[in-house]
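Protein sequences appear in the order of chains A and B. Okay, so the first sequence: first residue is 1 according to the working numbering, each after it adds one. Okay, so the second sequence: first residue is 1 according to the working numbering, each after it adds one. One structure is given below, encoded as structure tokens.
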Amino acid sequence: MLVLSRRKGESIRVGDDIVITVFELGRDQVRIGIRAPRTTTVHREEVYEEILIANVAASSDMLADLGVVISTAHDLPQAADQLPVRP
Amino acid sequence: MQIDTKRFGTIEVSEENALAVPHGIPGFPKMRRVVLMGAGTAPGQDSVDSDHTLFWLQDLDDGDLAFMAVVPWGLFPDYDLEIDETALEIGEEGDVRILNLVTVRRGEGKAELSANLRAPIVVDIRKQRMHQVILRDMQLPVSAPFAIKSTVTVS
């Protein structure tokens with residue numbers, strides 16, 4: 001891991017189009033600004049982690065037991081445009 | 001193409017039904033192609049006019065990997081979400097369909113099904129791509145229960 005020291009107002013550039021700026025320094029907290037292309041996702045790590053854990057739970061073999069809960073019956077693979085539209 | 005799956009045996013998937021997953025999803029960065037298979041209706045979704053409101057999302061490169069997903073409309077009438085179409089390179093709002101991944105938790109004699117409303121699956125039906133978007137709205141639950149089913153012990 002690269003570790004850098006920065007003062008308030010100073011920035012770090014990641015790649016060609018991401019800039020991370022230190023806005024405010026508190027006692028045990030910093031406010032950080034991130035400028036990135038709209039297609040780059042930016043999340044607090046704990047939020048991302050929460051979704052990752054939920055995805056792993058959704059994929060787990062608990063679903064394999066679904067046979068007794070929901071039928072694993074399924075239709076043939078289908079095109080996505082068959083998905084219901086928001087009413 | 002033929003895909004050997006753990007849950008459904010060998011399935012025949014036509015290329016035109018495959019959905020690309022450009023970035024994978026959190027925890028599954030290698031998931032790059034999936035297909036949807038209808039799996040019936042979730043309880044309480046009579047209002048949604050469709051053959052299926054539950055779907056399997058089967059990974060096309062890893063036969064062991066499948067997710068269950070649910071159409072949220074009808075189950076969660078107050079579910080509001082804002083999708084940034086530009087960020088996802090979606091051409092028109094009308095190209096968007098929404099699904100939510102389902103988690104099953106088993107208790108004694110029952111199983112609770114819940115949907116992840118915080119990180120919906122956004123399907124672009126024109127480009128045939130799928131993304132999982134983590135919404136900014138912290139009020140949206142990662143685990144929103146929508147059905148409790150009795151489990152049958154198979155002996």
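Yeah, the Cβ is synthetic: ideal placement off N, Cα and C, and Gly gets one too.
Helix, strand or coil for residue i? Go by DSSP, reduced to three states.
i	result
B/Asn100	strand
B/Val122	strand
B/Ile134	coil
A/Val47	helix
A/Ser11	strand
A/Gln82	helix
A/Val56	helix
B/Asp95	helix
A/Pro87	coil
Are the C-beta atoms of residue i and some chain B residue less than 8 angstroms apart?
i	result
A/Val14	no
A/Arg86	yes
A/Ala58	yes
A/Glu50	yes
A/Gln29	no
A/Leu83	yes
A/Val69	Caution is warranted here: a pLDDT of 48 is assigned to A/Val69, below 50, making its placement in the model unreliable, and the coordinate value is therefore given only provisionally. Yes, because at least one Cβ of chain B sits closer than 8 angstroms to the Cβ of A/Val69.
Please confirm whether residue i has its beta-carbon closer than 8 angstroms to some beta-carbon of chain A.
i	result
B/Ser155	Low local confidence applies: a pLDDT of 36 at B/Ser155 is under 50, so the model's placement there is unreliable, and no value is given.
B/Glu16	yes
B/Glu92	no
B/Thr10	no
B/Arg97	yes
I'd like the span of the alpha helix (DSSP H) that includes residue i, first residue to last.
i	result
B/Val71	First-last for B/Val71: undefined, no H or E at that position.
Return the first residue and the last residue of the beta strand (DSSP E) that residue i is part of.
i	result
B/Val35	Arg33 to Gly38
A/Arg35	Val30 to Arg35
B/Ala111	Lys110 to Ala115
A/Glu19	Reading off the sequence shown, one finds Val at residue 19 of chain A, where the question assumed Glu. A/Val19 -> beta strand (DSSP E) spans Ile18 to Leu25.
B/Val9	A quick correction: the sequence has Gly, not Val, at residue 9 of chain B. Per DSSP, B/Gly9 belongs to the beta strand (DSSP E) from Gly9 to Glu12.
Residue i versus chain B: which residues are under 7 angstroms apart at the beta carbon?
i	result
A/Glu10	Here the premise fails: no neighbours, minimum Cβ distance about 27 angstroms.
Residues of chain A with a CB under 7 angstroms from the CB of residue i: which are they?
i	result
B/Ala87	Arg38 and Thr39
By the criterion of Cβ-Cβ separation under 9 angstroms, what are the contact partners of residue i in chain A?
i	result
B/Leu65	Ser59
B/Arg118	Val47, Glu50, Ile51 and Ala54
So which residues of chain B does residue i contact, with C-beta pairs closer than 8 angstroms?
i	result
A/Asp75	Met37, Gly38, Ala39, Asp51 and His52
Can you pull out the residues from the region 126 to 137 of chain B whose beta carbon lies closer than 7 angstroms to at least one beta carbon of chain A? Gln128 and Ile134
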